[in-house]
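Visitor: Sequence order for the protein chains is E and R. So the first sequence is numbered by our numbering: it starts at 1 and just counts up by one. So the second sequence is numbered by our numbering: it starts at 1001 and just counts up by one. One structure coming up, written as C-alpha cells, with questions to follow.
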Amino acid sequence: MLGEGILKGLAETAKNFAGSFVDKERLTTVEYPEQKLELPEASRNFPFLVYDGPEWQAGLRCVACQICEKECPPKCIYIEKSKDKKPDFVGKLQIYPAKFDIDISVCMSCQICVEVCPFDAIKMDKEYELSTDDRFGGLLLDRQQLAKSNEYYHKIHPTEASEVDGRLAEEKAKAEAKAKAAAAAPPKPAAPAPAAAATPASAAPKAAPAAGSTKTEVPPPAPPKEGEAR
Amino acid sequence: MINTLDQIFVLLKHWIVGLLPGSLGAFVGILLSVAAIVAVFPGLFALTTVLERKGLGRMQNRIGPNRTGPYGILQPVADGIKSLTKEDIVPVSADAAVHFLAPLVLVVVVFMGFSVLPMGRNMQLVDMDAGLLFFFAIGASTELSIFMAGWSSRNKYSLLGAMRAVAQMISYEVPLLMSSVAVVMITGSLSLVKIVEAQNQYTWGLPHWYIFTPWGCAAFVMFAIAATAETNRSPFDLPEGESELVAGYFTEYSGFKFALFFLGEYLGMFSMSGLGTTLFLGGWSAPLAVLNSVPSWIWFFSKVMLSICVLIWLRGTLPRLRQDQLMNFAWKFVLPMTLLNLFVAALWRFMGDGLLRWIVCSAILLGAYVVVGRTEMRRKQYGPRSYRYAE
C-alpha cells in the first residue's frame, strides 16, 4: 500500500537514532585529535632521511649523490654537496649533504626517491600532522627536520626496516672482509679496518676530515658502492 | 497562581503598557509583542539547527557537531559569527537592488505570518477575523521573494531553482488550503483564536482536537505533506537540490544574506508547524484535561518543536523526489484526497453525533486512500528504450 515504504524507512532511522545512544558499536566515528587510528604499515606520505646512531649529523646515511634530486618528478628536492667528507657506515669517506631540502607542498608522495636511493638513506614517513600557518617556510623541510633515526624507521615500518638493516650489515661484512683481504695481499700501509669497523656514529662529523688523512689509502681497493643492489 | 503563570507574558506587557501614557502605551504594547516574536523564533531557529545536525547525525550513526561548547551546543553561535564575517558578494551582472531585497522580503514576510498565530491563551499579536486567510496570503508572498532571489542573481542554477520552487509552492498551496478549509467548515470561523477555542474542550479528560477525527486526521496528513513541500523541506527540497543545482535559488548569496535565507526557511517551518498545531493539534490546549494547569504557551511551543522533530526525522529518512513525481503526487494524490476530505467533513458535520459517522467517514477516507494510492500512484512500467532511426 502507498506509504508502507515510508513507514519502514522511518522505523529504520528511528532504530538508528535510538541505537546510536545505546550501542557503541554503531558509532563508527573516530574522534580524531583525541583518538587516532593506527595507520597500516605500508602507508606513506613524505620522505625523510635515515640516520644511524645517536647523532643525526654524523649518522646521516645520505651521501649527496643527488640521484633522488634528479629523479624526483615534481622536483621537490634540493641538495647541496659538502666540500669536505665524512666516513659512511662502512668507514668509507663520502661527501654528505650540506643542504637537503624537501618542499612537501610540492612532493607528490610517489616514493621514487626511495626506490632510486642506492644507500637506503631516504625512506617514506607516516607523519601526517604537517599543517602549518606558514605555507612557504613551514612546508619546506631542511635536513635537520628530515633526519629521523633508524629506530624511528623501525617503529613505523618494522619489516622493511629490518630487511634494510640486514642488507646493510651484510654489505658491511663484505666490505670488511675485502678490506682485510686487501690488507693481507699487498704490502700497503697497515689497514685500519678495525677502526672502520667501529660504528660510523662513533666518528664525529667534524673529526672526519682530520682522521681522513691517515685513512685515505683504504677505500681505493674497495669496489664501487652497491649501486646495483636494486 | 497557575493562572498568573499562564498569563505571565500578557500581564507583563499590560504592566509595562500601564506605566506609559495612553497613545504611547498602545504603540509600545505592539512593539513589545513584535519584539517577543522577533526574539523567540530566531532563538528557536538556533536551537533547531543544532538539534537537526545532532539528530540527523544520530540517524546516520554519526555523532554530529560536538566541538563548540559542551555537546556542540554553541554551534549556532559559531555559525552566526562565521556568516557575519564572511564577504558579502554580489555578482557583477546581478540586479543589485532586487538581489539585496530578496532575503529581506522573505524574512519580513515569514515573520508577518506569526502575527496571527495564538501562541498561548490570549497570546496573539492580532486576533484577526480572517486570520487564516491572512496567514495564507502572507505565506504565498514567500514565492515572490524566492523568485526575486533566483531572477536577480542571473545564474542558471538560481533561476532553475527559483522556477522549481515557484512551481512546487504553487502546486502544493492548493492542497494546503484545501486541507485547512475542512477545519474552517467545521469551526465556522477563519479566526485562528476561535479555531483553538473550538478544540479546547474535553470529553472524559480527552481533548477535542481535530486530528482525533477521521477527516481531521486525513486533513492533517495532507496538510503536513503540503506544508513540508511549501517550506522546501526534504524530501521536497528540489529547489535547492545540492546535487543538481549547487544551492538552488540562493546559489549567489553569501555571508549574512545567505544566513537570512536560512533563517527565513526555518522560520517558515516554525510558522507552518505553528499553523498545523493550531488547526489540528489544538494549538495551546493541553493534551489531557488534568494537564490544564501547565501554562498554555508551554504546550504550544512543545507541539511546534515536536513537529519540527518529525520534520527532521523525515529529512533523515526520505530521499529527494524527482520533479515529475513531485507534481504527480500533488495533483493526482494529495489534491483529490483533500477534495474528498471536504466532502467527508461536510458529512461529519451533518450526520450528527454517534458511532455511525465515525464508521462511514473512516471507511470513505480509507477506501479512497487505497484506491487513489493504487491507481494514481501506480508505478509506470517503462520497457527498454527503443530507437526508431538509430538502429
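For glycine and all other residues, C-beta sits at the position ideal for the given N, C-alpha and C. Just so we're clear, the structure is a prediction, and the values are computed from it rather than from any experiment.
Report the three-state DSSP secondary structure of Arg1154 (chain R) (helix, strand or coil).
Guide: As a working note, residue 1154 (chain R) is residue 154 in the second sequence. Coil.
Visitor: How close, in whole Å, do the beta carbons of Gln1168 (chain R) and Ala1229 (chain R) come, if the pair is a contact with beta carbons under 8 Å?
Guide: Taking the second sequence and counting its residues from 1, one reaches residue 1168 (chain R) at position 168. Taking the second sequence and counting its residues from 1, one reaches residue 1229 (chain R) at position 229. With a Cβ gap of about 6 Å, Gln1168 (chain R) and Ala1229 (chain R) count as contacting.
Visitor: To the nearest angstrom, how far is the alpha carbon of Ser1302 (chain R) from that of Leu1291 (chain R)?
Guide: Position 302 of the second sequence, counted from the start, is the residue given in the question as residue 1302 (chain R). Position 291 of the second sequence, counted from the start, is the residue given in the question as residue 1291 (chain R). The alpha-carbon atoms of Ser1302 (chain R) and Leu1291 (chain R) are separated by roughly 14 Å.
Visitor: What do you get for Met1351 (chain R), buried or exposed, if any count of 16 or more other CB atoms within 10 angstroms of its CB means buried?
Guide: Mapped onto the second sequence, residue 1351 (chain R) falls at position 351. Flag for Met1351 (chain R) reads exposed.
Visitor: Would you decide whether Ala1390 (chain R) is buried or exposed? Buried here means 16 or more other CB atoms lie within 10 Å of its CB.
Guide: For the purposes of this step, residue 1390 (chain R) is taken as the residue at position 390 of the second sequence. By the neighbour-count rule (16 or more Cβ atoms within 10 Å), Ala1390 (chain R) is not buried but exposed.
Visitor: How would you write the range of the alpha helix (DSSP H) that Ser1362 (chain R) sits in, first residue to last?
Guide: Here residue 1362 (chain R) refers to the residue found at position 362 when the second sequence is read from its first residue. Per DSSP, Ser1362 (chain R) belongs to the alpha helix (DSSP H) from 1355-1376.
Visitor: Measure how close the beta-carbons of Ser1153 (chain R) and Thr1251 (chain R) come, nearest whole angstrom, since I'm counting them as under 8 Å.
Guide: Along the second sequence, read from residue 1 onward, the residue named residue 1153 (chain R) stands at position 153. Along the second sequence, read from residue 1 onward, the residue named residue 1251 (chain R) stands at position 251. With a Cβ gap of about 7 Å, Ser1153 (chain R) and Thr1251 (chain R) count as contacting.
Visitor: If you draw a straight line from the alpha carbon of Ala161 (chain E) to that of Thr132 (chain E), how long is it in whole angstroms?
Guide: For this step, residue 161 (chain E) is matched to residue 161 along the first sequence. For this step, residue 132 (chain E) is matched to residue 132 along the first sequence. Between Ala161 (chain E) and Thr132 (chain E), the C-alpha separation is close to 29 Å.
Visitor: Going by alpha carbons, who is nearest to Ala1219 (chain R) out of R:Leu1281, R:Leu1190, R:Lys1257, R:Gly1161?
Guide: Counted from its first residue, the second sequence places residue 1219 (chain R) at position 219. The candidate whose alpha carbon is nearest that of Ala1219 (chain R) is R:Leu1281.
Visitor: Should Ser20 (chain E) be flagged as near chain R, meaning a C-beta pair shorter than 7 Å?
Guide: For the purposes of this step, residue 20 (chain E) is taken as residue 20 along the first sequence, with counting starting at 1. Cβ-Cβ to chain R under 7 Å: yes for Ser20 (chain E).
Visitor: Three-state secondary structure (DSSP) at Tyr51 (chain E)?
Guide: For this step, residue 51 (chain E) is matched to residue 51 along the first sequence. Of the three classes helix, strand and coil, the one that applies to Tyr51 (chain E) here is strand, per DSSP.
Visitor: Measure how close the beta-carbons of Met1269 (chain R) and Asn16 (chain E) come, nearest whole angstrom, since I'm counting them as under 8 Å.
Guide: As a position in the second sequence, residue 1269 (chain R) is number 269, starting the count at 1. As a position in the first sequence, residue 16 (chain E) is number 16, starting the count at 1. So it is not a contact: roughly 23 Å between Cβ atoms.
Visitor: Could you check whether the Cβ of Asn1341 (chain R) sits closer than 7 Å to any Cβ belonging to chain E?
Guide: Here the question's residue 1341 (chain R) lines up with position 341 in the second sequence. No, no contact with chain E.
Visitor: Report the three-state DSSP secondary structure of Lys1013 (chain R) (helix, strand or coil).
Guide: As a working note, residue 1013 (chain R) is residue 13 in the second sequence. If DSSP states are grouped into helix, strand and coil, Lys1013 (chain R) belongs with the helices.
Visitor: Could you check if Trp1054 (chain R) is buried or exposed, using at least 16 other CB atoms within 10 Å of its CB as the buried criterion?
Guide: Translated into positions along the second sequence, residue 1054 (chain R) becomes position 54. The question names Trp, but residue 1054 (chain R) in the sequence shown is Lys. When all chains shown are included, Lys1054 (chain R) counts as buried.
Visitor: Under a Cβ-count criterion, where at least 16 other Cβ atoms within 10 Å of its own Cβ denotes burial, should Asp120 (chain E) be classed as buried or exposed?
Guide: Position 120 of the first sequence, counted from the start, is the residue given in the question as residue 120 (chain E). The residue is buried, with at least 16 neighbouring Cβ atoms inside 10 Å.
Visitor: Please return the same chain residues whose Cβ sits closer than 7 Å to the Cβ of Cys1361 (chain R), not counting the five positions on each side in sequence.
Guide: As a working mapping, residue 1361 (chain R) is identified with position 361 in the second sequence. Pro1214, Trp1215, Val1344, Leu1347, Trp1348, listed in sequence order.
Visitor: List the residues of chain R whose Cβ lies closer than 7 Å to the Cβ of Leu10 (chain E), in chain order.
Guide: What you label residue 10 (chain E) is simply residue 10 of the first sequence in a count that begins at 1. Ordered by position in chain R, the residues that pass the 7 Å Cβ test against Leu10 (chain E) are Trp1313, Thr1317.
Visitor: Quick one: what does DSSP say Ala195 (chain E) is sitting in, helix, strand or coil?
Guide: Against the first sequence, residue 195 (chain E) aligns to sequence position 195. Here Ala195 (chain E) scores only 47 on pLDDT, less than 50, and its place in the model should not be relied on; the value that follows carries that caveat. Ala195 (chain E) falls in the helix class under three-state DSSP.
Visitor: Using the Cβ count rule (16 or more neighbours within 10 Å means buried), how would you classify Glu1240 (chain R)?
Guide: The residue labelled residue 1240 (chain R) in the question sits at position 240 within the second sequence. Glu1240 (chain R) is buried by the Cβ-count criterion.
Visitor: Taking the alpha carbon of Pro54 (chain E) as the reference point, which residue from E:Glu151, E:Lys180, E:Ile156, E:Ala173 has its own alpha carbon closest?
Guide: To locate residue 54 (chain E), count along the first sequence from 1; it is residue 54. Measuring from the Cα of Pro54 (chain E), the nearest candidate turns out to be E:Glu151.
Visitor: Quick one: using the 10 Å Cβ neighbour count with 16 as the cut-off for buried, is Val22 (chain E) buried or exposed?
Guide: As a working note, residue 22 (chain E) is residue 22 in the first sequence. Val22 (chain E) is exposed by the Cβ-count criterion.
Visitor: Hey, out of R:Phe1135, R:Val1090, R:Val1092, R:Asn1066, whose CA is closest to Phe1111 (chain R)'s CA?
Guide: Here residue 1111 (chain R) corresponds to residue number 111 of the second sequence, with the count starting at 1. The shortest Cα separation from Phe1111 (chain R) among R:Phe1135, R:Val1090, R:Val1092, R:Asn1066 belongs to R:Phe1135.
Visitor: Tell me which residues share the same chain as Lys206 (chain E) and place their Cβ nearer than 7 Å to its Cβ, disregarding the 5 neighbours each side in the sequence.
Guide: Your numbering for residue 206 (chain E) matches position 206 in the first sequence. With a pLDDT of only 43 at Lys206 (chain E), under 50, the local geometry of the prediction cannot be trusted, and the value read off the model is given with reservation. Result list for Lys206 (chain E): empty, nothing under 7 Å.
Visitor: Mapping the DSSP letters down to three states, classify Ala64 (chain E) as helix, strand or coil.
Guide: Translated into the one-based positions of the first sequence, residue 64 (chain E) becomes position 64. Reduced to three states, the DSSP call for Ala64 (chain E) is coil.
Visitor: When DSSP labels each residue in this structure, what does Met1128 (chain R) get in the three-state scheme?
Guide: Taking the first residue of the second sequence as position 1, residue 1128 (chain R) is located at position 128. Met1128 (chain R): coil per DSSP, three-state reduction.
Visitor: Which same chain residues, not among the five before or five after Glu44 (chain E), have their C-beta less than 8 Å away from its C-beta?
Guide: Your numbering for residue 44 (chain E) matches position 44 in the first sequence. Reading off the sequence shown, one finds Arg at residue 44 (chain E), where the question assumed Glu. These residues qualify, in order along the chain: Ser109, Gln111, Met124, Asp125, Lys126.
Visitor: Between R:Phe1300, R:Lys1332, R:Gly1057, R:Pro1384, which has its C-alpha nearest Thr28 (chain E)'s C-alpha?
Guide: As a working mapping, residue 28 (chain E) is identified with position 28 in the first sequence. Ranking R:Phe1300, R:Lys1332, R:Gly1057, R:Pro1384 by Cα distance to Thr28 (chain E) puts R:Gly1057 first.
Visitor: Residues of chain E with CB closer than 8 Å to the CB of Gln946 (chain R), please, in chain order.
Guide: The structure shown does not extend to residue 946 (chain R), since chain R spans only 1001 to 1391, so no value can be given for it.
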